[in-house]
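Peer 1: Residue numbers (UniProt numbering): 1 to 498.
This is the structure, below, for whatever I ask next.
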């Protein structure tokens, strides 16, 4: 990190800490930075040599805003946020439902003054990206805000992208993109692995990425995160839709899908009944392109991904354990996935890597195939990175280097040439293949397969550190509690799983 970069990062963080003391959360600070940096960059683009009209009325330009003080500043800023939120294109999406969360005008002016001192358009992409990604990480760590559910661990994202090895002039989708982590990792891979010509660079900037994010604040962060990393145009159309991806087949198809659908099993909507009480109703999406109807959110996302993936397209999807073993609709979808795609790899993930507690997840890698009377999946390779693996978010976070053995086993250069590390002679091997016949012979076509022995059960002298054990106990208890709540909801008639 250059001295100038360090200086800017230091300033941004110092204001963050001051505002925290004043009751402004990381998320609120991040939103205000988003509005103000976007406004400053729009001002820079408005002037020579760019001379671009971003669509901001003179009254609400950056130069006008920074001349205000005190109550006038507070009033003008609130008016600005409301007015720009009604504009079309990227501008309107960045300011959609925007609110001022910095109640002290003096502090607001200090932030404006800090941003005004920098030339953001000329600043290196790495610098802008580093500042913004750092704030997103801090925001995710603020567990009270719930922002962690939109933040997939960056080492995991990088590994998923490395395994898919996206190519130039191909499209990449994420139907629930959170803050845009998969898009940025794919962008970094393409720019570092290929010498792009002008046409390829233009395609990468404006046509490669597309997705959905229904939470307005999260979509705003994703759009800004991408824009600061040189994806999209300040006066262009947003690449991320605010519609619910599961409502209908959008009609377009992607070459790659990289995604981590939101945790939480049920899709539901809240409404007010005739007595004026709040009620929840399970959402079941009736789509002709789906194999079956269910209110299980992850199973619906898996079906949707199958729809929007081009024939020959590659997908890497983070999904919880219930997708691997659940009966009913789950069994139907697993069988269809094995038949219509080549579900070639599953990586079992450890606990302690997500900001949402109680999550036991996996990455499913599959390739969409044309219609055939024979199943496309011949064998599923499973890599167990869960058994005897202990991570915590603070003391022992998962690093990219922890997953390098998986990449080696996956063999991205030629995944059709692989070697098991498990055998009768090497029972501790983490990489093992199972044939299609072996899997469909299992009860409910269960893909929740494990074979390694849990050492902590056999070797009491080599237990993990107490804080790691405590975290794993919490994770297991919270996962169990979530399961019990779903059972109770079904018993009480709040919706029965198909």
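C-beta atoms are modelled at their ideal positions from N, C-alpha and C, and glycine is treated no differently.
For residue 105, which residues in the same chain have their Cβ closer than 8 Å to its Cβ, ignoring the five residues on either side in sequence?
Peer 2: Closer than 8 Å at the Cβ level, and outside the excluded window around residue 105, lie 69, 70, 71, 73 and 74.
Peer 1: Which of the three DSSP states, helix, strand or coil, is assigned to residue 434?
Peer 2: Three-state result, residue 434: strand.
Peer 1: Classify residue 273 as buried or exposed, calling it buried when 16 or more other Cβ atoms lie within 10 Å of its own Cβ.
Peer 2: Its pLDDT being 46, under 50, residue 273 is placed unreliably by the model, and the measurement read from it follows with that caveat. Its Cβ having fewer than 16 others within 10 Å, residue 273 is exposed.
Peer 1: What is the DSSP secondary structure of residue 410, reduced to helix, strand or coil?
Peer 2: Residue 410 falls in the helix class under three-state DSSP.
Peer 1: In three-state terms, what does DSSP make of residue 501?
Peer 2: This structure leaves residue 501 out entirely; the chain is present only between 1 and 498.
Peer 1: Applying the criterion that 16 or more other CB atoms from any shown protein chain within 10 Å of the CB defines a buried residue, is residue 419 buried or exposed?
Peer 2: By the 10 Å Cβ count, residue 419 comes out exposed.
Peer 1: Could you spell out where the alpha helix (DSSP H) holding residue 371 opens and where it closes?
Peer 2: Here residue 371 belongs to no alpha helix (DSSP H), and DSSP marks it neither H nor E.
Peer 1: Just how far apart, CA to CA, sit residue 77 and residue 100?
Peer 2: Roughly 7 Å separates the two Cα atoms.
Peer 1: Taking the straight line between their C-alpha atoms, what separation do you get for residue 194 and residue 433?
Peer 2: Distance between the alpha carbons of residue 194 and residue 433 is about 32 Å.
Peer 1: On a Cα-Cα basis, can you pick out the residue from 113, 217, 158 and 203 that is closest to residue 28?
Peer 2: Of 113, 217, 158 and 203, the residue nearest in Cα terms is 217.
Peer 1: Under the assumption that residue 349 contacts residue 362 (Cβ atoms under 8 Å), give the Cβ distance between them as a whole number of angstroms.
Peer 2: That pair is a contact at about 6 Å.
Peer 1: Applying the 10 Å Cβ sphere with the 16-neighbour rule, what's the burial state of residue 427?
Peer 2: Its Cβ having fewer than 16 others within 10 Å, residue 427 is exposed.
Peer 1: Between the Cα of residue 252 and those of 125, 241 and 262, spot the shortest distance and give me the residue it belongs to.
Peer 2: Minimum Cα distance to residue 252 is reached at 241.
Peer 1: Among 389, 12 and 365, whose alpha-carbon lies nearest the alpha-carbon of residue 499?
Peer 2: A question about residue 499 goes unanswered here, because the residues of the chain that appear run from 1 up to 498.
Peer 1: What's the call for residue 311, buried or exposed, on a 16-neighbour Cβ count within 10 Å?
Peer 2: The residue is exposed, with fewer than 16 neighbouring Cβ atoms inside 10 Å.
Peer 1: Could you tell me which residues DSSP pairs with residue 172 in its beta bridges?
Peer 2: 209 and 256, per the DSSP bridge assignment.
Peer 1: Per DSSP, residue 363 forms a beta bridge with which residues?
Peer 2: 318 and 347, per the DSSP bridge assignment.
Peer 1: Mark residue 288 as exposed unless 16 or more other C-beta atoms lie within 10 angstroms of its C-beta, in which case mark it buried.
Peer 2: Classification for residue 288: exposed.
Peer 1: Pick helix, strand or coil for residue 201, following the three-state DSSP scheme.
Peer 2: Of the three classes helix, strand and coil, the one that applies to residue 201 here is helix, per DSSP.
Peer 1: Taking contact to mean at least 3 C-beta pairs separated by less than 8 Å, is the stretch 374–381 in contact with the stretch 302–322?
Peer 2: At 8 Å Cβ cutoff, the stretches do not touch.
Peer 1: Using three-state DSSP, classify residue 309 as helix, strand or coil.
Peer 2: Three-state DSSP puts residue 309 in a strand.
Peer 1: Indicate whether the contact test is met: 3 or more Cβ pairs, each with one atom in the stretch 120–140 and one in the stretch 57–65, closer than 8 Å.
Peer 2: No, because fewer than three Cβ pairs between the stretch 120–140 and the stretch 57–65 fall closer than 8 Å, the two stretches do not touch.
Peer 1: Excluding the 5 residues flanking residue 16 on each side, which residues of the same chain have their C-beta closer than 7 Å to its C-beta?
Peer 2: Counting only Cβ-Cβ distances below 7 Å, and skipping sequence neighbours, we find 26 and 29.
Peer 1: Suppose only complete runs of 4+ residues qualify. What are the alpha helix (DSSP H) ranges in the stretch 26–96, listed by chain order?
Peer 2: Segments of the alpha helix (DSSP H) lying fully in the stretch 26–96: 26–46, 62–65, 70–84 and 89–94.
Peer 1: Can the beta-carbon of residue 115 be found less than 8 Å from the beta-carbon of residue 37?
Peer 2: Yes, the pair counts as a contact, with Cβ atoms nearer than the cut-off.
Peer 1: Kindly indicate which residue of 186, 174, 140 and 153 has the alpha-carbon position closest to the one of residue 161.
Peer 2: Of 186, 174, 140 and 153, the residue nearest in Cα terms is 186.
Peer 1: To the nearest angstrom, report how far apart residue 33 and residue 235 are at their CA atoms.
Peer 2: Whole-angstrom Cα-Cα distance: 19 Å.
Peer 1: As a quick exercise: from 212, 254, 393 and 219, pick the residue whose alpha carbon is nearest that of residue 355.
Peer 2: Out of 212, 254, 393 and 219, 393 has the C-alpha closest to the C-alpha of residue 355.
Peer 1: Can you give me the start and stop residues for the beta strand (DSSP E) that residue 383 sits inside?
Peer 2: 379–384 is the extent of the beta strand (DSSP E) around residue 383.
Peer 1: Skipping 5 residues on each side, what residues in its chain have a beta carbon closer than 6 Å to that of residue 260?
Peer 2: 152 and 318, listed in sequence order.
Peer 1: Which residues in the same chain have their Cβ closer than 6 Å to the Cβ of residue 179, if we skip the five residues on either side of it in sequence?
Peer 2: Once the five neighbours on either side are set aside, the close Cβ partners of residue 179 are 136, 150, 221, 222 and 225.
Peer 1: Taking just the CA atoms, how far does residue 19 sit from residue 244?
Peer 2: Distance between the alpha carbons of residue 244 and residue 19 is about 34 Å.
Peer 1: Just how far apart, CA to CA, sit residue 292 and residue 334?
Peer 2: Their backbone Cα atoms lie some 11 Å apart in a straight line.
Peer 1: Among 102, 103 and 88, which one has its Cα closest to the Cα of residue 96?
Peer 2: Closest option to residue 96, Cα to Cα, is 88.
Peer 1: Give the DSSP-derived three-state secondary structure of residue 557 in the structure shown.
Peer 2: For residue 557 there is no data in the structure shown, the boundaries of the chain being 1 and 498.
Peer 1: In or out: residue 173 buried (at least 16 other Cβ within 10 Å) or exposed?
Peer 2: It is buried - the Cβ of residue 173 has at least 16 other Cβ atoms within 10 Å.
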